[in-house]
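Order-wise, the sequence lines are chains Y and V.
Start counting the first sequence at 5; every next residue gets the next number (this note's numbering).
Start counting the second sequence at 795; every next residue gets the next number (this note's numbering).
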Amino acid sequence: MKNIKYTLAGILFGIVLVKSQVLSWFRIQEMFHLQSFHMYGVIGSAVVTGFIAVTVIKNLKIRTFGGEEIVIPRKPFTKGNIYGGLLFGFGWALTGACPGPLFAQVGAGFTVMAVALLSAISGTWVYGVVKDKLPH
Amino acid sequence: MLLKLISAPWPWYVAGPIIGLTVPLLLLLGNRPFGISSSLRHICAACFPGKVPFFAYEWKKEIWNLFFAAGIVIGGFIAAHLLADPAPVRISPKLETALGEFGISDHNNLLPSQLFNWPALLTIRGFILIVVGGFLVGFGTRYAGGCTSGHSIFGLSTLQWPSLVATCCFMAGGFIMSNLVLPFILSLS
């Protein structure tokens, strides 16, 4: 299966989320109360590392392992970035998790978070239904 | 010795760069933009598409994202069971005091067991934290066009300004909820 490589990448990512406590409700509250540098350090150093890596890829015109040219999709601006962003921020502070950590929490044995994950899926579904009525 | 080192909580300067390297890793593996909230959309498209145009697309072309999400679940399992740190989670004394006022004293695990457990679902507090919170995560990330991984990590590291707007709003929403609303919710039973 050619997709197994993505599962391996996901495993690595899931391990980091747990070991760095990024999926911890406590760490998220500390971040929003400015009581710890940890989350800012994680996100900040991740962005800097990602930026350096992408710059190297672009300048050296590195291709994918399959030989394709690397294309970075552009994200268009919509008002949803604002309204949706705020709504997600509310959910982030309540559950202490964004989508990645939700998956990792379930795997880590916090079984009740499977309900939060199902609820997140239903939230996405409802967005799909009401999408055209929302400001974008 | 090595296992002990891995088992201890990882500092930000180890975890952050590894998370950042996920961006080039996925690009090199197959030109995939890092992002996880899309997996929620693909699950909808695969399982409950209804007659909703938003879910009428060839989700199978994006199936890598579901393999990646499945990997996160497995990684969570491995880290929590094979690389577990037995010590309680160290939390800031200020947070400990604040939570103590709401009777939340247990921080032996990454999530407060007094808030996140199955019986809690039947309380107003637990329902809001788990079900309403989860709904907002799913609705908000799709409305915003991405989550912390898609916007805050991938979008920012590829210098996309809509992602900066989204990230600022993620943070603003979190500050409002955590400081102004959450204390009220925690005081519910």
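Heads up, the beta-carbon is just placed ideally off N, CA and C, and yes, glycines get one too.
With a cut-off of 9 Å, does the C-beta of Met795 (chain V) fall near any C-beta of chain Y?
No, Met795 (chain V) does not count as interfacial toward chain Y.
Out of Y:Thr128, Y:Lys9 and Y:Tyr87, point me to the one whose CA is closest to Gly968 (chain V)'s CA.
Considering only alpha carbons, the answer is Y:Tyr87.
With distances taken Cα to Cα, identify the nearest neighbour of Leu815 (chain V) among V:Ile970, V:Arg835, V:Ala938 and V:Ser943.
Answer by Cα proximity: V:Ser943.
According to DSSP, is Arg826 (chain V) helix, strand or coil?
Note: Arg826 (chain V) maps to coil in three-state DSSP.
Who are the Cβ neighbours of Asn859 (chain V) in its own chain at under 7 Å, not counting the five residues just before and after it?
Ser832, Ser833 and His836, listed in sequence order.
Look up Glu890 (chain V) in the DSSP assignment and say whether it is helix, strand or coil.
Note: Glu890 (chain V) maps to helix in three-state DSSP.
In three-state terms, what does DSSP make of Arg31 (chain Y)?
Helix, per DSSP.
Assuming the contact rule is C-beta atoms closer than 8 Å, His140 (chain Y) and Lys79 (chain Y) should be a hit. Round their C-beta distance to whole Å, please.
Contact doesn't hold; Cβ gap of about 13 Å is too wide.
Taking only runs of the alpha helix (DSSP H) that begin and end inside the region 830 to 876 of chain V, which ones reach a length of at least 4 residues, in chain order?
Complete alpha helix (DSSP H) runs here, min 4: 832 to 841 and 858 to 875.
Cβ of Pro880 (chain V) less than 9 Å from any chain Y Cβ?
Judged by the 9 Å Cβ criterion, Pro880 (chain V) is not in contact with chain Y.
With DSSP collapsed to three states, give me the class of Arg78 (chain Y).
Three-state DSSP puts Arg78 (chain Y) in coil, outside helix and strand.
So Thr816 (chain V) contacts chain Y; which residues on that side make the cut at Cβ distance below 7 Å?
Residues of chain Y passing the Cβ test: Ala13 and Phe17.
Can you tell which of Y:Gly93, Y:Gln109, Y:Val26 and Y:Gly132 has its C-alpha closest to the C-alpha of Asn973 (chain V)?
Nearest of Y:Gly93, Y:Gln109, Y:Val26 and Y:Gly132 to Asn973 (chain V), Cα basis: Y:Gly93.
Considering only DSSP beta bridges, list what Arg160 (chain Y) is partnered with.
No answer is possible for residue 160 (chain Y): the residues shown for chain Y start at 5 and end at 140.
Is Leu905 (chain V) close to chain Y? Criterion is C-beta to C-beta, closer than 9 Å.
Cβ-Cβ to chain Y under 9 Å: yes for Leu905 (chain V).
Comparing the C-beta of Ile868 (chain V) with each C-beta of chain C, is any distance below 9 Å?
The displayed structure is made up of protein chains Y and V, and chain C is not among them.
State buried or exposed for Lys888 (chain V), treating a residue as buried only when at least 16 other CB atoms are found within 10 Å of its CB.
By the neighbour-count rule (16 or more Cβ atoms within 10 Å), Lys888 (chain V) is not buried but exposed.
Going by DSSP, what residue range makes up the alpha helix (DSSP H) through Trp129 (chain Y)?
That run of the alpha helix (DSSP H) goes Met117 to Val134.
In chain order, what residues of the same chain have a beta carbon less than 7 Å from the beta carbon of Ile885 (chain V), not counting five sequence neighbours either side?
So the list reads His901, once near-sequence residues are dropped.
Taking 8 Å as the cut-off, is the C-beta of Gly920 (chain V) nearer than that to any heavy atom in the ligand HEM?
With respect to the ligand HEM, the structure offers nothing, as it holds no ligand at all.
Contact defined as beta carbons within less than 8 Å: I believe Gly54 (chain Y) pairs with Ser951 (chain V). What is the distance between those atoms, to the nearest angstrom?
That belief holds up - the Cβ atoms of Gly54 (chain Y) and Ser951 (chain V) are roughly 3 Å apart, short of 8 Å.
What are the residues of the region 61 to 80 of chain Y that lie near chain V, defined by any Cβ-Cβ distance shorter than 9 Å?
Those would be Ile61, Ile66, Arg67, Thr68, Phe69, Gly70, Glu72, Glu73, Ile74, Val75, Ile76, Pro77, Arg78, Lys79 and Pro80, in chain order.
What is the DSSP secondary structure of Met795 (chain V), reduced to helix, strand or coil?
Met795 (chain V) falls in the coil class under three-state DSSP.
Contact check, Phe929 (chain V) vs Ser24 (chain Y) under 8 Å by CB: the rounded distance?
So it is not a contact: roughly 26 Å between Cβ atoms.
Classify Cys963 (chain V) as buried or exposed, calling it buried when 16 or more other Cβ atoms lie within 10 Å of its own Cβ.
Result: buried.
Is Val22 (chain Y) helix, strand or coil when you go by DSSP?
In the structure shown, Val22 (chain Y) sits in a helix (DSSP, three-state: H, G or I).
At a Cβ cut of 7 Å, what residues of the region 836 to 855 of chain V count as close to chain Y, listed as they run along the chain?
Flagged, chain order: Ile837, Cys838, Phe842, Val846, Phe848 and Phe849.
Within the chosen definition, does the region 916 to 933 of chain V reach the region 38 to 51 of chain Y through at least 3 CB pairs nearer than 8 Å?
Cβ pair count under 8 Å is below three, so no.
Whole-angstrom Cβ separation of Val22 (chain Y) and Ala873 (chain V), contact assumed at under 8 Å?
That belief holds up - the Cβ atoms of Val22 (chain Y) and Ala873 (chain V) are roughly 4 Å apart, short of 8 Å.
Give me the Cβ distance between Phe114 (chain Y) and Phe910 (chain V), rounded to the nearest whole Å; I'm assuming they're in contact under 8 Å.
Between Phe910 (chain V) and Phe114 (chain Y) the Cβ distance is about 6 Å, and since that is below 8 Å, they are a contact.
For Met965 (chain V), name the three-state secondary structure that DSSP assigns.
Three-state DSSP puts Met965 (chain V) in a helix.
So which of V:Ala809, V:Gly844 and V:Leu976 has the shortest CA-CA distance to Glu895 (chain V)?
Looking at the Cα atoms, V:Leu976 is the closest of the given residues.
Take the Cβ of Gly927 (chain V) as the centre, count every other Cβ of all protein chains shown within 10 Å, and call the residue buried at 16 or more, exposed below.
Classification of Gly927 (chain V): buried, given that the 10 Å Cβ count is 16 or more.
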